[in-house]
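Chemist: Line by line, the protein sequences give chains R and F.
With my numbering, the residue at position 179 of the first sequence is 237, and numbering never jumps.
With my numbering, the residue at position 48 of the second sequence is 78, and numbering never jumps.
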Amino acid sequence: MNSARLVSAGLLLAALAAGTLADRPQSRPPLWIGGYRVLAADFHVHSYPLSAGTLAPWDLVLEARRQSLDAISITGHNQVEAGLWGRWFARLVGGPTVIPGEEIHAPGYHMIAAGIHSTISWRNTAAQSIAEIHAQGGVAIAAHPVRGFWAAFDPQAMASLDASEIMQPVVYSFKYGARELREFYQRAPLAAIGSSDYHGMGPLGLCRTYVFARDSSEQSILEAIRGRRTVVYDGDGSAWGDSQLIQLASGRLRGREPQPSGSLDLFSRAAGLLGLIGFLMAGNRVVYSAKEKEIVPK
Amino acid sequence: MAQPPSHPDAWLAIRRPLLVAVVLGCAVSLMTSGRLSLRLAAPATLYWTFVPLLEIAGLAAVWPWKRSPVSFARAIDLFFASNTPWSLWFCAFAGVWAFFPPARVYAWTSSPWPWYPPALAIGLWSACLDFRFFRDIPGRTPARACRDLAVQRFIAWTGGVAWFMGPAAWQVFASRFGL
Numbered sequence: 059m060n061s062a063r064l065v066s067a068g069l070l071l072a073a074l075a076a077g078t079l080a081d082r083p084q085s086r087p088p089l090w091i092g093g094y095r096v097l098a099a100d101f102h103v104h105s106y107p108l109s110a111g112t113l114a115p116w117d118l119v120l121e122a123r124r125q126s127l128d129a130i131s132i133t134g135h136n137q138v139e140a141g142l143w144g145r146w147f148a149r150l151v152g153g154p155t156v157i158p159g160e161e162i163h164a165p166g167y168h169m170i171a172a173g174i175h176s177t178i179s180w181r182n183t184a185a186q187s188i189a190e191i192h193a194q195g196g197v198a199i200a201a202h203p204v205r206g207f208w209a210a211f212d213p214q215a216m217a218s219l220d221a222s223e224i225m226q227p228v229v230y231s232f233k234y235g236a237r238e239l240r241e242f243y244q245r246a247p248l249a250a251i252g253s254s255d256y257h258g259m260g261p262l263g264l265c266r267t268y269v270f271a272r273d274s275s276e277q278s279i280l281e282a283i284r285g286r287r288t289v290v291y292d293g294d295g296s297a298w299g300d301s302q303l304i305q306l307a308s309g310r311l312r313g314r315e316p317q318p319s320g321s322l323d324l325f326s327r328a329a330g331l332l333g334l335i336g337f338l339m340a341g342n343r344v345v346y347s348a349k350e351k352e353i354v355p356k
Numbered sequence: 031m032a033q034p035p036s037h038p039d040a041w042l043a044i045r046r047p048l049l050v051a052v053v054l055g056c057a058v059s060l061m062t063s064g065r066l067s068l069r070l071a072a073p074a075t076l077y078w079t080f081v082p083l084l085e086i087a088g089l090a091a092v093w094p095w096k097r098s099p100v101s102f103a104r105a106i107d108l109f110f111a112s113n114t115p116w117s118l119w120f121c122a123f124a125g126v127w128a129f130f131p132p133a134r135v136y137a138w139t140s141s142p143w144p145w146y147p148p149a150l151a152i153g154l155w156s157a158c159l160d161f162r163f164f165r166d167i168p169g170r171t172p173a174r175a176c177r178d179l180a181v182q183r184f185i186a187w188t189g190g191v192a193w194f195m196g197p198a199a200w201q202v203f204a205s206r207f208g209l
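#1: Determine, using beta carbons only, whether A124(F) comes closer than 9 Å to chain R.
#2: Starting from D100(R), follow its DSSP beta bridges and name the residues at the other end.
#3: So, does the CB of R124(R) fall closer than 9 Å to a CB anywhere in chain F?
#4: Shorter than 9 Å from the beta carbon of I335(R) to some beta carbon of chain F?
#5: Between G208(F), G189(F), P197(F), which has its C-alpha nearest V81(F)'s C-alpha?
#6: Tell me the rounded alpha-carbon separation between L70(F) and C121(F).
#7: Check whether the Cβ atoms of R207(F) and R327(R) lie closer than 9 Å to each other.
#8: Return yes when the Cβ of R286(R) is within less than 9 Å of the Cβ of L311(R), no when it is not.
#9: V290(R) to L334(R), Cα distance in whole Å?
#10: Less than 9 Å between the beta carbons of A171(R) and V197(R), yes or no?
#11: Which runs of the alpha helix (DSSP H), 4 residues or longer, sit entirely within the region 286 to 317 of chain R?
#12: Identify the continuous alpha helix (DSSP H) that holds F110(F) and give its terminal residues.
#13: So, does the CB of P154(R) fall closer than 9 Å to a CB anywhere in chain F?
#14: Taking Cβ positions, are P158(R) and G196(F) nearer each other than 9 Å?
#15: For D292(R), which of A133(F), Q201(F), Y146(F) has the nearest alpha-carbon?
#16: Any C-beta of chain F within less than 7 Å: which residues of the region 208 to 232 of chain R qualify?
#17: Applying the criterion that 16 or more other CB atoms from any shown protein chain within 10 Å of the CB defines a buried residue, is D294(R) buried or exposed?
#18: Please confirm whether A103(F) and I167(F) have their CB atoms less than 9 Å apart.
#19: May I have the straight-line CA-CA distance separating P261(R) from A137(F), to the nearest angstrom?
#20: Looking at the structure shown, is P99(F) part of a helix, part of a strand, or coil, going by DSSP?
#21: For chain R, is any of its Cβ atoms less than 9 Å away from the one on G7(F)?
#22: For chain R, is any of its Cβ atoms less than 9 Å away from the one on L48(F)?
#23: Any idea which residues DSSP pairs T155(R) with across the strands?
#24: Taking only beta carbons into account, state which residues of the region 316 to 329 of chain R come closer than 7 Å to chain F, listed in chain order.
#25: Under a three-way DSSP split, which group does S274(R) fall into?
#26: How many whole angstroms separate the CB atoms of F211(R) and A200(R), which I take to be in contact at a CB cut-off of 8 Å?
#27: What residues in the region 73 to 89 of chain R have a beta carbon less than 8 Å from any beta carbon of chain F?
#28: First and last residue of the beta strand (DSSP E) that includes W90(R)?
#29: Whole angstroms is fine: what's the gap from L42(F)'s alpha carbon to I152(F)'s?
#30: What are the residues of the region 95 to 108 of chain R that lie near chain F, defined by any Cβ-Cβ distance shorter than 9 Å?
#31: Do G77(R) and L66(F) come within 9 Å of each other at the CB atom, strictly closer than that value?
#32: Which residues in the same chain have their Cβ closer than 8 Å to the Cβ of T121(R), if we skip the five residues on either side of it in sequence?
#33: Whose C-alpha, out of S308(R), A193(R), W180(R), is nearest the C-alpha of N136(R)?
#34: Using a Cβ-Cβ distance under 9 Å, would L150(F) count as near chain R?
#35: Checking the sheet assignment: what are the DSSP bridge partners for E160(R)?
#36: Enumerate in chain order the residues of its own chain whose CB-to-CB distance from V345(R) is below 8 Å, with the five nearest sequence positions on each side excluded.
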């Protein structure tokens, strides 16, 4: 191994050591407001494989702890199995609460089915999907309902829809995102939901929902969504959701979001990137000799 | 003239594919948490071995087994040299997510220009390197090298999309073609 590779390997190891040391859960005492247990939740999380996520369900459970999330819904694309695996692992390690779910990835709409146990077909209409979700005891959340998806939510679907994502990375990605999500949310009395639509880019829980539940169980969380007892903060710091609960919480929720990263994190990411790039550049030839075949014994 | 590789075949076959998986695993950790932690990087490296494995499967499908000019292990090692541009692109992509606030990076993703042209350029660069590989190592004709490249890419990329995207990819495909 040449010296450049040795230095790069040293940087990588130092980065891993620093990052692993900094990698601790941010535990906080449970928060009770107005007789409700207030839970930070992310209801739109994708896993690996088969759902365009980068981490397996069990990794998501551990990552949710690091991000101070009390509950997540693992929502596989058109499949619920990943969520069931996640719930099994979360119960094994003592939380957070995992609600099995599915992102129904249909041609005209995307919908989060949280709290279901069997896969729901993407060939359904939105209204049919909502009926199936309710029959399985779950809640139906419109996923990133930008204008292109509105036509699928006919009056029948809107009348039975439980919730809608009002805060979602699409709000950051497109100028029209925030406006269209708010317009959709205001079409019916829905629970406000903030979700990260986690695919591996950016942190889990980047956008989150504060749920005012009786306790931290799956059933209590679903019941709170049906009762519209949620609060979401948008990028400007404005609160959305139940106005009474927003007043009751009066700023106590923002302080519970994850703390900014520290110097160990900064060192880990800088040294890690330098180490990786150094390793790739040092001795890992991109162009090989045209005579390569002549120098290899047959 | 360079010396013949002194590494044993097994190491030769895995060293560059392993580097691809490690880069992807570290990128996952950096993008998610802004740090390199064993808790994230180690399992992610394991999961993302599907990328080099599918690339090897694609190479195996077009490799001239009966009149192989070099061992298949050596062929893998040489073939994966063309992954370096992709790996550097992933490092840059992960670095952007690790160093900047996610809201700002999402805002940057609204424009395809910072992402797609570099990715397209790297895709072309990588394809040129692989074309040269098929010309120089198995000694393919230009037409046959193009065919090998297309078959290798088809196997690796469709397999990757199916494994990574799963049922959503099927829904898009089925909806598009009325299945």
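Note that the Cβ used here is the ideal one computed from N, Cα and C, for glycine as well.
Computed from a prediction, not measured in an experiment: that's the story for all the values here.
Modeler: In short:
#1: yes
#2: I130(R)
#3: yes
#4: yes
#5: G189(F)
#6: 16 Å
#7: Here residue 207(F) is Phe; the residue named in the question, Arg, does not match the sequence. Against a cut-off of 9 Å, the Cβ pair of R327(R) and F207(F) comes out as no contact.
#8: no
#9: 38 Å
#10: yes
#11: 301 to 307
#12: Counting along the chain, F110(F) falls outside any alpha helix (DSSP H), and DSSP gives it neither H nor E.
#13: no
#14: no
#15: A133(F)
#16: P227, Y230, S231, F232
#17: exposed
#18: no
#19: 15 Å
#20: coil
#21: No answer is possible for residue 7(F): it lies beyond the span of chain F, which begins at 31 and ends at 209.
#22: no
#23: A129(R)
#24: S319, D323, S326, R327
#25: coil
#26: 7 Å
#27: A73, L74, A76, G77, T78, A80, D81
#28: 89 to 91
#29: 25 Å
#30: Y106, P107, L108
#31: yes
#32: The residue you asked about is not Thr; residue 121(R) is Glu in the sequence shown. L113, L262.
#33: W180(R)
#34: no
#35: G134(R), A171(R)
#36: Residue confidence for V345(R) is low, a pLDDT of 46 falling below 50, so the modelled location carries little weight and cannot support an answer.
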